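Peer 1:
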């Protein structure tokens, strides 16, 4: 901040005595590089006549950014979003986002996001800068943990796979494909021949995972 003083009247030959915040003092007529606060000057002329005046240096409110996050619905999706609200400073504002896999944007609000960490830098018209970091998470993460029983003998059909589905939103829909047109549903499949069995598991929210399991023959 600055104060440019004008003095009139008196007998000339003015001297100046300033005081201000944090012990500030000066004998200059005009002041620059001031912090916010109240500055008091006493002006004395050649006849020792005095006049005192106060001046307030103001500042904008602190530049702040807050955000509202919508997480990714299913693991691997790109449907997260961040809406921000900026206060303080001196509008207009500019925005610079960075995020996973080279993500960048100059928009205020961003959407179509994958899970990860997003950082914004907000700059106001006075080139004041603030920043914030937001974490977009995956809301529904499905996992399938298998228990596999391999064939007891060559040519036998006594293989077995039982899976434990966790995460997501129940109920689950489970479907299997396998060798020779094999089709099945459910967490347990048995009387299996050797080969690869493919699982598709979906939850009630439409999130799904695809995994393959191998039943081995001696």
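Numbering (our numbering), first residue to last: 208 to 425.
In this text, a Cβ means the ideal position worked out from N, Cα and C, and glycines have one as well.
None of the values given here were measured: they were computed from a predicted structure.
(1) Helix, strand or coil: how does DSSP classify residue 386 here?
(2) With H, G and I counted as helix, E and B as strand and the rest as coil, what does DSSP make of residue 366?
(3) With residue 394 and residue 381 assumed to form a contact (beta carbons below 8 Å), what rounded beta-carbon distance in angstroms separates them?
(4) If we count the other Cβ atoms within 10 Å of its Cβ and call it buried at 16 or more, is residue 417 buried or exposed?
(5) Under 9 Å, do residue 156 and residue 224 count as touching if we go by C-beta distance?
(6) Leaving out five residues on either side along the sequence, give the residues of the same chain with a beta carbon under 7 Å from the beta carbon of residue 421.
(7) Bridge partners of residue 392, per DSSP?
(8) Are at least three pairs of beta-carbons, each pair with one atom in the stretch 339-359 and one in the stretch 275-282, less than 8 Å apart?
(9) Could you give the distance in angstroms between the alpha-carbon of residue 320 and the alpha-carbon of residue 259?
(10) Which residue's Cα is closest to the Cα of residue 263: 257, 243, 371 and 272?
(11) Given a cut-off of 9 Å, decide if residue 211 and residue 237 are closer than it, judged by their beta-carbon atoms.
(12) Got a sec? Which residues, its chain only, sit under 7 Å from residue 401 by beta carbon, not counting five neighbours each side?
(13) Keeping to the same chain, check which residues put their C-beta closer than 8 Å to that of residue 477; ignore five residues upstream and five downstream.
(14) Answer yes if the stretch 291-311 comes into contact with the stretch 326-334, meaning at least three C-beta pairs across the two stretches below 8 Å, and no otherwise.
(15) May I ask you to report which of helix, strand or coil DSSP gives residue 308?
(16) My assumption, with CB atoms under 8 Å, is that residue 318 sits in contact with residue 272. Please give the rounded CB distance.
(17) Candidates 398, 389, 287 and 374: which alpha carbon is nearest residue 412's?
(18) Quick one: residues in its chain with C-beta nearer than 6 Å to the C-beta of residue 221, no 5 flanking neighbours on either side, listed in chain order?
(19) One question on the structure: do residue 369 and residue 386 come within less than 9 Å of each other, judged by their Cβ atoms?
(20) Please classify residue 388 as buried or exposed, where buried requires at least 16 other C-beta atoms within 10 Å of its C-beta.
(21) Check the C-beta distance from residue 383 over to residue 405 and give it rounded, since I have them as a contact under 8 Å.
Peer 2: Walking through what the data contain:
(1) By 1-based counting over the chain shown, the position of residue 386 is 179. Helix at residue 386.
(2) As a first step, residue 366 must be located in the chain shown, where it is residue number 159. Here residue 366 sits in strand by DSSP.
(3) Within the chain shown, numbered from 1, the residue matching residue 394 stands at position 187. Within the chain shown, numbered from 1, the residue matching residue 381 stands at position 174. So it is a contact: roughly 6 Å between Cβ atoms.
(4) The residue labelled residue 417 in the question sits at position 210 within the chain shown. By the 10 Å Cβ count, residue 417 comes out exposed.
(5) Since the first and last residues shown for the chain are 208 and 425, residue 156 lies out of range.
(6) Start at 1 with the first residue of the chain shown, and residue 421 comes out as number 214. So the list reads 403, once near-sequence residues are dropped.
(7) Here the question's residue 392 lines up with position 185 in the chain shown. Paired residues: 382.
(8) Yes, the stretch 339-359 is in contact with the stretch 275-282.
(9) As a position in the chain shown, residue 320 is number 113, starting the count at 1. As a position in the chain shown, residue 259 is number 52, starting the count at 1. Distance between residue 320 and residue 259, taken at the CA atoms: about 60 Å.
(10) Counted from its first residue, the chain shown places residue 263 at position 56. Considering only alpha carbons, the answer is 243.
(11) The residue given as residue 237 occupies position 30 in the chain shown. The residue given as residue 211 occupies position 4 in the chain shown. One thing to note: residue 237 has its Cβ within 9 Å of the Cβ of residue 211.
(12) Taking the first residue of the chain shown as position 1, residue 401 is located at position 194. Correct list, in chain order: 358, 366, 422, 423 and 424.
(13) Since the first residue of the chain shown is 208 and the last is 425, residue 477 is not available in this structure.
(14) Contact annotation: the stretch 326-334 touches the stretch 291-311, with at least three C-beta pairs closer than 8 Å.
(15) Along the chain shown, one-based indexing puts residue 308 at 101. Looking at residue 308 - three-state DSSP - the assignment turns out to be helix.
(16) By 1-based counting over the chain shown, the position of residue 318 is 111. By 1-based counting over the chain shown, the position of residue 272 is 65. The Cβ separation is near 17 Å, so there is no contact.
(17) Position 205 of the chain shown, counted from the start, is the residue given in the question as residue 412. Closest in alpha carbon position to residue 412, among 398, 389, 287 and 374, is 374.
(18) The sequence position of residue 221 within the chain shown is 14, counting from 1. Taken in chain order, the residues that qualify are 214, 250 and 252.
(19) As a working mapping, residue 369 is identified with position 162 in the chain shown. As a working mapping, residue 386 is identified with position 179 in the chain shown. Contact flag unset, no.
(20) In the chain shown, residue 388 corresponds to position 181, counting from 1. Exposed.
(21) Within the chain shown, numbered from 1, the residue matching residue 383 stands at position 176. Within the chain shown, numbered from 1, the residue matching residue 405 stands at position 198. About 7 Å separates the two Cβ atoms, so the contact holds.
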